[in-house]
Amino acid sequence: MRWPSVAGAGLGSVLVLLAGCGDTEKVREFEPDPVAWGGCVEYLDEPETAIECATLNVPLDHADPGGAEINLAVARLPATAEPRIGVLALNPGGPGGSGIEFLNWFGPYVAETGLLGRFDLVSFDPRGVGASTPVRCGEDLDNEFVILGPDEGLPEVLQAAEEMVEACREQSGNLLAHVGTNAAARDLDLLRRALGEERLTYLGYSYGTRLGAAYAGLYPDQVRAMVLDGPVDPTEHPSRPTRIQADGFESSWTAFARWCADNLDCQLNAHGGADVVLDAVLAAAAVSPLPAGEREVTESEVYLGVLAGLYSPGYWPDMATGLFEVVDNGSAEILQAFGDLMAGRREDGSYDGSVDAMFLIDCADDPERPPPSEVYEANEAIAASLARFNSAFRGSVGCHPLPEAVDPLHMGSADLLVPALVVALEGDPATPPFWAERLALVLEDAVVVWSDAEGHGAYLAHSWCLTGPITDYLIDLVVPLDGWSCDEPDGWP
4 MRWPSVAGAG LGSVLVLLAG CGDTEKVREF EPDPVAWGGC VEYLDEPETA
54 IECATLNVPL DHADPGGAEI NLAVARLPAT AEPRIGVLAL NPGGPGGSGI
104 EFLNWFGPYV AETGLLGRFD LVSFDPRGVG ASTPVRCGED LDNEFVILGP
154 DEGLPEVLQA AEEMVEACRE QSGNLLAHVG TNAAARDLDL LRRALGEERL
204 TYLGYSYGTR LGAAYAGLYP DQVRAMVLDG PVDPTEHPSR PTRIQADGFE
254 SSWTAFARWC ADNLDCQLNA HGGADVVLDA VLAAAAVSPL PAGEREVTES
304 EVYLGVLAGL YSPGYWPDMA TGLFEVVDNG SAEILQAFGD LMAGRREDGS
354 YDGSVDAMFL IDCADDPERP PPSEVYEANE AIAASLARFN SAFRGSVGCH
404 PLPEAVDPLH MGSADLLVPA LVVALEGDPA TPPFWAERLA LVLEDAVVVW
454 SDAEGHGAYL AHSWCLTGPI TDYLIDLVVP LDGWSCDEPD GWP
């Protein structure tokens, strides 16, 4: 979920009114080369046959377009239907999520549905992420380092934060200061120009809504349509957790426990139900780590695995099985697998760098550097107020000891061709629906739609009833009424 120095990061953002367009004008001085599409073997482990990849060079510092450059890994799934509309740019969230890996599995699924075949589906690994020029803060991580346990005090957290930031400086160099969302938005516009497109259609999930909103504020005339799905709150600090987000995970656990109680196949009912089993698993892990094959799962990693499992109702059966196996035969391997998913741990034991990128991007976006003790105490207060996941929101000192951000996130109103479509789910654990209203208020030119579904991300993911309106918006620019909502059919998903 986080480094020791950042709790709950990656799902918020902070409001900084647009102060001018100087950097945007400098970006226009940089002339990107046309994208030369080719194979994806050097970018992806198992590329789909139809997907194409390329490298795009962009300035390290957009304020210095003639200076050093970095590489962006870009991928495309060409349109399969006529008439072609243009490019649909995708971002899966994070920050730190790989756009090209997302397109590799999401693109063929979308193509099979026939919903978006008139678009070239395009995504990229943002600067600092994945196959693009990456940031790194260490190679010898473990899941325990991603989320600290309840016994860690401020001195231990400070020491861990300082060691980690020093590793970031050593391994990431000058890129460390230039990985913020403003820079990624300017990269996206360079990609638009390199593709020869007048305007982009955009679909961003979770952190991708922060990136999309920043792009809309910087380049409103280049936006054909924009879907912001699972929206972040632009008035919150990205490097710090919030009570409303913590409450979202608590509510999602309650929904999971209710689902289990109503489901005869849920194995946890034989041991008293989901709440009783989780308490027992946490108590056991607090005494000694739980065996997980050749590895072990600590109490902190139990939290990590359960939080990962709450992101989607599709995970709930496996999460129930994982908890059941701990009390039934003492094995925490499934919980370990969920924790690996959250921490970005690969099968070979290496880490994909997504947590490094999340920490540094969030801190590059955050204009404030409050005293670490203030952040730590605020997190402790949030944790103390939670019934279930208190220890999962401890152990943060924000962005300490990173220097102040050189280009903190710009967010402001955007006068768009058609209003942006902000999409929320009532049962989203990570980005509560209240944040949708906050984002729409900041953008001004936006409408909000939502459903009563559970899960993080609606379109072609956790909502059936929103699929039609969102597709009509993307293809035909049909804008729903602001505040339109729908109920998912019984038994969904």
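In the working numbering, the protein residues as written are 4 to 496. Each residue gets a CB set at the ideal place from its N, CA and C atoms; glycine is no exception. These numbers were taken from a predicted model, which means no experiment stands behind them.
Best match in the options for proximity to residue i [C-alpha to C-alpha]
{"i": "A390", "options": "V160, I73, Q174 and W256", "result": "W256"}
{"i": "N74", "options": "L63, D321 and P237", "result": "L63"}
{"i": "D123", "options": "L293, R79 and H274", "result": "R79"}
{"i": "D410", "options": "N332, Q225 and H65", "result": "H65"}
{"i": "N94", "options": "L203, E115, T184 and G207", "result": "G207"}
{"i": "L420", "options": "G220, E429, A53 and A164", "result": "G220"}
{"i": "W487", "options": "V426, Y462 and W467", "result": "V426"}
{"i": "L344", "options": "L307, A228, L484 and V329", "result": "L307"}
{"i": "P294", "options": "S334, L313, D278 and A286", "result": "S334"}
{"i": "C402", "options": "S315, P375 and F252", "result": "P375"}
{"i": "A71", "options": "R441, G176, H465 and V451", "result": "G176"}
{"i": "N393", "options": "R246, A311 and A180", "result": "R246"}
{"i": "C269", "options": "L326, E297, G430 and P241", "result": "L326"}
{"i": "G102", "options": "Y205, G41, A84 and V226", "result": "Y205"}
{"i": "T470", "options": "V160, S454 and Q248", "result": "S454"}
Span separating the alpha-carbon of residue i from that of residue j
{"i": "E407", "j": "A367", "result": "8 Å"}
{"i": "L446", "j": "D365", "result": "20 Å"}
{"i": "A260", "j": "A197", "result": "49 Å"}
{"i": "P432", "j": "G342", "result": "16 Å"}
{"i": "S126", "j": "R213", "result": "16 Å"}
{"i": "G131", "j": "D418", "result": "30 Å"}
{"i": "G100", "j": "L157", "result": "30 Å"}
{"i": "G356", "j": "E350", "result": "14 Å"}
{"i": "G211", "j": "L463", "result": "16 Å"}
{"i": "A497", "j": "T184", "result": "Residue 497 is absent from the model: the chain starts at 4 and stops at 496."}
{"i": "I473", "j": "A423", "result": "11 Å"}
{"i": "A82", "j": "G110", "result": "11 Å"}
{"i": "Y476", "j": "R202", "result": "15 Å"}
{"i": "M167", "j": "G141", "result": "8 Å"}
{"i": "A164", "j": "P404", "result": "7 Å"}
{"i": "W262", "j": "H274", "result": "15 Å"}
{"i": "R348", "j": "G494", "result": "33 Å"}
{"i": "L484", "j": "A449", "result": "10 Å"}
{"i": "Y112", "j": "V90", "result": "17 Å"}
{"i": "D490", "j": "V235", "result": "22 Å"}
{"i": "S242", "j": "V452", "result": "27 Å"}
Neighbour-count burial assignment, residue i, 16 or more Cβ in a 10 Å radius
{"i": "L178", "result": "buried"}
{"i": "R195", "result": "buried"}
{"i": "Q162", "result": "exposed"}
{"i": "F362", "result": "buried"}
{"i": "P492", "result": "exposed"}
{"i": "S209", "result": "buried"}
{"i": "P68", "result": "buried"}
{"i": "P86", "result": "exposed"}
{"i": "D190", "result": "buried"}
{"i": "D479", "result": "exposed"}
{"i": "W438", "result": "buried"}
{"i": "F443", "result": "The sequence given here has Ala at residue 443, not Phe. The residue in question, A443, is buried, as its Cβ has 16 or more Cβ neighbours within 10 Å."}
For residue i, three-class secondary structure by DSSP
{"i": "S254", "result": "helix"}
{"i": "P137", "result": "strand"}
{"i": "N60", "result": "strand"}
{"i": "E166", "result": "helix"}
{"i": "D455", "result": "strand"}
{"i": "V38", "result": "coil"}
{"i": "N74", "result": "strand"}
{"i": "G401", "result": "coil"}
{"i": "D479", "result": "helix"}
{"i": "L43", "result": "As written in the sequence, residue 43 is Cys, which differs from the Leu given in the question. Coil."}
{"i": "V421", "result": "coil"}
{"i": "F33", "result": "coil"}
{"i": "G97", "result": "coil"}
{"i": "E380", "result": "helix"}
{"i": "G120", "result": "coil"}
Sheet register partners of residue i (DSSP bridge)
{"i": "D232", "result": "Y208 and V426"}
{"i": "A295", "result": "R298"}
{"i": "S334", "result": "Beta-bridge pairing links S334 to no other residue."}
{"i": "L281", "result": "None; L281 has no bridge partner."}
{"i": "G308", "result": "Bridge partners of G308: none, in fact."}
Cutoff 8 Å: residue i Cβ touching any chain C Cβ
{"i": "T434", "result": "In the displayed structure, chain C is absent; only one protein chain is listed."}
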